[in-house]
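**Q** Sharing a structure with you now.
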Amino acid sequence: MSEVRVLVGTRKGAFVLASDGKREKWDVSGPHFAGWEVYHLKGSPADPSRLYASQSTSWFGQVMQRSNDAGKTWEPVGNKFEYEGVPGTHQWYDGTPHPWEFKRVWHLEPSPTDPDMVYAGVEDAALFQSTDRGDTWHELPGLRGHGSGSSWQPGAGGLCLHTIVLDPTDPKRIFVAISAAGAFRTDDGGTTWRAINRGLKSEGIPDPAAEVGHCVHRIAMHRSRPNVLFMQKHWDVMRTDDAGDSWHEVSGNLPTDFGFTIDVHAHQPDTIYVVPIKSDSEHYPPDGKLRVYRSRSGGTEWEPLTKGLPQRDCYVNVLRDAMAVDSLESCGVYFGTTGGQVYASADAGDSWAPIVRDLPAVLSVEVQTLP
Amino acid sequence: MIRLVLPAHLRTLAHVDGEVTLAVDGPATQRTVLDALEASYPMLRGTIRDYATQRRRPYLRFFACEEDVSHELPDAPLPDAVATGGEPFLVVGAMAGG
Numbered sequence: 001m002s003e004v005r006v007l008v009g010t011r012k013g014a015f016v017l018a019s020d021g022k023r024e025k026w027d028v029s030g031p032h033f034a035g036w037e038v039y040h041l042k043g044s045p046a047d048p049s050r051l052y053a054s055q056s057t058s059w060f061g062q063v064m065q066r067s068n069d070a071g072k073t074w075e076p077v078g079n080k081f082e083y084e085g086v087p088g089t090h091q092w093y094d095g096t097p098h099p100w101e102f103k104r105v106w107h108l109e110p111s112p113t114d115p116d117m118v119y120a121g122v123e124d125a126a127l128f129q130s131t132d133r134g135d136t137w138h139e140l141p142g143l144r145g146h147g148s149g150s151s152w153q154p155g156a157g158g159l160c161l162h163t164i165v166l167d168p169t170d171p172k173r174i175f176v177a178i179s180a181a182g183a184f185r186t187d188d189g190g191t192t193w194r195a196i197n198r199g200l201k202s203e204g205i206p207d208p209a210a211e212v213g214h215c216v217h218r219i220a221m222h223r224s225r226p227n228v229l230f231m232q233k234h235w236d237v238m239r240t241d242d243a244g245d246s247w248h249e250v251s252g253n254l255p256t257d258f259g260f261t262i263d264v265h266a267h268q269p270d271t272i273y274v275v276p277i278k279s280d281s282e283h284y285p286p287d288g289k290l291r292v293y294r295s296r297s298g299g300t301e302w303e304p305l306t307k308g309l310p311q312r313d314c315y316v317n318v319l320r321d322a323m324a325v326d327s328l329e330s331c332g333v334y335f336g337t338t339g340g341q342v343y344a345s346a347d348a349g350d351s352w353a354p355i356v357r358d359l360p361a362v363l364s365v366e367v368q369t370l371p
Numbered sequence: 372m373i374r375l376v377l378p379a380h381l382r383t384l385a386h387v388d389g390e391v392t393l394a395v396d397g398p399a400t401q402r403t404v405l406d407a408l409e410a411s412y413p414m415l416r417g418t419i420r421d422y423a424t425q426r427r428r429p430y431l432r433f434f435a436c437e438e439d440v441s442h443e444l445p446d447a448p449l450p451d452a453v454a455t456g457g458e459p460f461l462v463v464g465a466m467a468g469g
């Protein structure tokens, strides 16, 4: 029988939630790395027993971990993230130049085909790669060297590269997103990059349609259609049908188009999910009602999904990396909240139930579907 | 032998209980002690000293013989009592909530 593993990163450690394909009863293991912030952990599609995790604290900096047995045991691996060449400067919040300084790893993206290869998106924004199971890391400096790098500014969470999307049909094509610079694409394996922000509009920057300066929160893709991307921006839900060359808004009838996370149904490329959040200062759901919104038409037309979710007095947030889907026949959808709940739906969002209610604030949720 | 006390999280990371003992070649300084520590416990690299700057992380302090030696130069000799193993070298994390 199939098995599902949900990998949860929190403010105070990592947890592994496991169930069979029915997704009714769950085993919870953890906390792993107790007391450390785990921004992200993710399994290798090429070897599901191989997991990578990013743990950090303000006290001790960044530590990287690898598991070869699906999270039962872990070993520290390389944590040296050194920018190539002279790091230079980006802009600080007040517009003054600020030196590039490594702070933490926000996102890990293992190769779909090589269990020893994994990418890391870091703060201050850069893309690193390891080809030796995380033992050593090297920067792909062409991204930071993109002509706009010196004008990138941090979002409230820092200048972070938080999204890495690998094209399953073209190993040389990678999409990344940076707060608050925007989205970028390489078509040559990371040597050169182009900003792909045409069509994004961000009020509050001098030129609302500038090439960079957009606070992209997350990008999602369905593997069968790699030229179509969906984006939750600081404000606005966006869509591109040409691999980012141009974007158009698909916020439609959402109650608010602010939010952090977005994901795509495993089998229906036009079915997408977001969690609308009231505003960029309040960071909780509108009206105290936790609602996932689903579009079955690739955006614009949205329906609220509420069954099993709190519909009063709920003031949690759902962060950018805290939603994922499984690939079972009836697609499962999962998300975690800053209140420590991890909700699961085994019926593509029609109904929800909490797997756990009282974890530390959830930073990330990833899912592995095992045969 | 140098005796060194780590904060709890780093003891967990290094899989050690209690004090660590280290053999240091030459004079005992912050640099030689931490170099010896990282050679014996590579998983601690980058956690006490920033990789890029090799400077002490801001939320950590170093103590020896009931004195704060955090702001001593990295190559300044540590007190004789630490160099001879009579007193431990302490790596202390800031007390902070969260």
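Taken in sequence, the protein lines are chains C and H.
For the first sequence, the tail end lands on 371 under my numbering, and the numbers increase by one without skipping.
For the second sequence, the tail end lands on 469 under my numbering, and the numbers increase by one without skipping.
Idealized CB from N, CA, C, for every residue including glycine.
In the DSSP assignment, find the unbroken alpha helix (DSSP H) run with H380/H in it and report its ends.
**A** On the second sequence, residue 380/H is found 9 positions in, with the first residue counted as 1. Element bounds for H380/H: 379 to 385.
**Q** Does L444/H pass the burial test, meaning 16 or more other C-beta atoms within 10 Å, or should it be called exposed?
**A** By 1-based counting over the second sequence, the position of residue 444/H is 73. That one is exposed.
**Q** Using 10 angstroms around the beta-carbon of M238/C, count the other beta-carbons present and answer buried if the total reaches 16, otherwise exposed.
**A** Here residue 238/C refers to the residue found at position 238 when the first sequence is read from its first residue. Buried.
**Q** For S49/C, which of helix, strand or coil comes out of DSSP?
**A** Position 49 of the first sequence, counting from 1, holds the residue named residue 49/C. In this structure, S49/C counts as strand in the three-state DSSP scheme.
**Q** Check distances from the C-beta atoms of the region 61 to 75 of chain C to those of chain H and list, in chain order, the residues that come in under 9 Å.
**A** The region 61 to 75 of chain C vs chain H, Cβ under 9 Å: G61, Q62, V63, E75.
**Q** Using a Cβ-Cβ cut-off of 7 Å, state whether T455/H counts as contacting chain C.
**A** Here the question's residue 455/H lines up with position 84 in the second sequence. Answer no: the Cβ-Cβ gap between T455/H and chain C never drops below 7 Å.
**Q** Any C-beta of chain C sitting closer than 7 Å to the C-beta of M466/H?
**A** In the second sequence, the residue the question calls residue 466/H occupies position 95. No - not a single Cβ of chain C is within 7 Å of the one on M466/H.
**Q** Rounding to the nearest angstrom, what Cα-Cα distance links A53/C and I262/C in this structure?
**A** Indexing the first sequence from 1 puts residue 53/C at position 53. Indexing the first sequence from 1 puts residue 262/C at position 262. Taking the straight line from one Cα to the other gives about 21 Å.
**Q** Is there a Cβ of chain H sitting closer than 7 Å to that of W193/C, yes or no?
**A** Within the first sequence, residue 193/C is the residue found at index 193, counting from 1. It does not: the Cβ of W193/C has no partner Cβ on chain H nearer than 7 Å.
**Q** Show which residues of chain H have a CB atom less than 7 Å away from the CB atom of F102/C.
**A** Counting from 1 along the first sequence, the entry for residue 102/C is found at position 102. Chain H residues near F102/C: A423.
**Q** Closer than 7 Å, Cβ to Cβ, to anything on chain C: give me those residues from the region 373 to 401 of chain H, in chain order.
**A** Listed by position along the chain: H380, L381, L384.
**Q** Considering R330/C, what are the terminal residues of the beta strand (DSSP E) in which it resides?
**A** Here the question's residue 330/C lines up with position 330 in the first sequence. First, the residue type needs correcting, since residue 330/C is Ser and not Arg in the sequence shown. Taken as a continuous stretch (DSSP letters only), S330/C belongs to no beta strand (DSSP E), as it is neither H nor E.
**Q** Reducing DSSP to helix, strand and coil, say where Q62/C ends up.
**A** Sequence index remark: in the first sequence, residue 62/C carries index 62 (1-based). If DSSP states are grouped into helix, strand and coil, Q62/C belongs with the strands.
**Q** Can you tell me whether L412/H is buried or exposed? The criterion is at least 16 other CB atoms within 10 Å of its CB, across all chains shown.
**A** Numbered from 1 along the second sequence, position 41 holds the residue referred to as residue 412/H. For the sequence presented, residue 412/H should be read as Tyr rather than Leu. Result: buried.
**Q** If we count the other Cβ atoms within 10 Å of its Cβ and call it buried at 16 or more, is N253/C buried or exposed?
**A** Sequence index remark: in the first sequence, residue 253/C carries index 253 (1-based). Exposed: under 16 other Cβ atoms inside 10 Å.
**Q** With distances taken from CA atoms, which of A361/C, L309/C, W302/C, V228/C is nearest P168/C?
**A** One-based indexing of the first sequence puts residue 168/C at position 168. Taking only the C-alpha atoms, the option nearest P168/C is V228/C.
**Q** Taking the C-alpha atoms as reference points, what is the distance between T300/C and E249/C?
**A** Here the question's residue 300/C lines up with position 300 in the first sequence. Here the question's residue 249/C lines up with position 249 in the first sequence. Cα to Cα, the separation comes out at about 8 Å.
**Q** Name the one or two DSSP bridge partners that Q91/C has.
**A** In the first sequence, residue 91/C corresponds to position 91, counting from 1. In DSSP, Q91/C forms a bridge with P97/C.
**Q** Is it a yes or a no for the region 48 to 65 of chain C touching the region 426 to 437 of chain H, going by three-plus beta-carbon pairs under 8 Å?
**A** Verdict: yes, contact present.
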